[in-house]
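Chains as they are written, first to last, in full-length UniProt numbering: chain A, 1 to 125; chain B, 1 to 125.
Protein chains: 2
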Amino acid sequence: MYRIPILQMGSFLLVTIQVDMQDQTALALQDDLANKISNSGARGVLIDISALEIVDSFVGRMLAGISGIARIMDATTVVVGMQPAVAITLVELGLSLQGVRTALNVEKGMDLLRLSGGENAFGRR
Amino acid sequence: MYRIPILQMGSFLLVTIQVDMQDQTALALQDDLANKISNSGARGVLIDISALEIVDSFVGRMLAGISGIARIMDATTVVVGMQPAVAITLVELGLSLQGVRTALNVEKGMDLLRLSGGENAFGRR
């Protein structure tokens, strides 16, 4: 089965989503991320979706799910690189990505994670 | 056509290769990387291949090609995350990834790029 690699950079984890997600892949990613957060003690998760041209309710739920799992494990999730057209479509569809933090690109996402720092200031959103 | 996203982090670019490369995708990646190096002034390129279970001569040539292009543009390329089985197979096949620098994971690759610093000490390998 296809597994999305998770890269560790210091206290952050980085996931680049490049292909349309299937159920199995999404579940495996949630599993792998939870394990990786537990093993590495990571405080932040960056999910890059710049390659996605469509974000439907399934992907939205998956992002919210990962965000929720990470939050329970005391890590902050930031979704980065969303294409403008995707943002427009999300709003038109009424999908608000509740509880998911976003940033324009990886660098801004990292800044956000560094700012949230040890207090995990966004943990209660 | 499927394009592999290139993430910028400071003066480094990060590419995560997750699927078996086709000719078109490989060519597009070389193009995109050359443009991105030119636009961003990046000094280092990290290519993560931890998701690849097979690295054949085509992928080997592609990595060497990217490395060569980056070198001409004064950037150092480091291939990271190679699976042990891939390394074994490469040697058995007699593919030595000539001119391609490697590191165990993204973090060590970044350290290597930082060490190579402004002088691009590895540029002449």
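C-beta atoms are modelled at their ideal positions from N, C-alpha and C, and glycine is treated no differently.
A check of alpha carbon separations from methionine 110(A) across Asp20(A), Gly41(A) and Leu13(A) identifies Leu13(A) as the nearest. Glutamine 24(B): member of the alpha helix (DSSP H) spanning 23–40, first to last residue.
Between the beta-carbon of valine 86(A) and that of glutamate 107(A) there is about 19 Å, and that puts the pair past the 8 Å contact cut.
Nearest neighbour of serine 50(B) by Cα position, chosen from Arg61(B), Ile72(B), Thr16(B) and Met21(B), turns out to be Thr16(B).
When secondary structure is reduced to three states using DSSP, valine 106(A) falls in the helix class. Judged by DSSP secondary structure, glycine 44(A) falls outside any alpha helix (DSSP H) and instead within the beta strand (DSSP E) spanning 44–48. Here the C-alpha atom of tyrosine 2(B) lies approximately 21 Å from the C-alpha atom of serine 67(B). Isoleucine 17(B) sits in coil when the DSSP states are folded into three classes, being neither helix nor strand. Here isoleucine 47(A) is buried, its C-beta having at least 16 other C-beta atoms within 10 Å. Excluding sequence positions up to five before and after glutamine 98(A), its CB lies within less than 7 Å of the CB of Ala64, all in the same chain and listed in chain order.
DSSP, reduced to helix, strand and coil, places isoleucine 54(B) outside both helices and strands of the structure shown, so it counts as coil.
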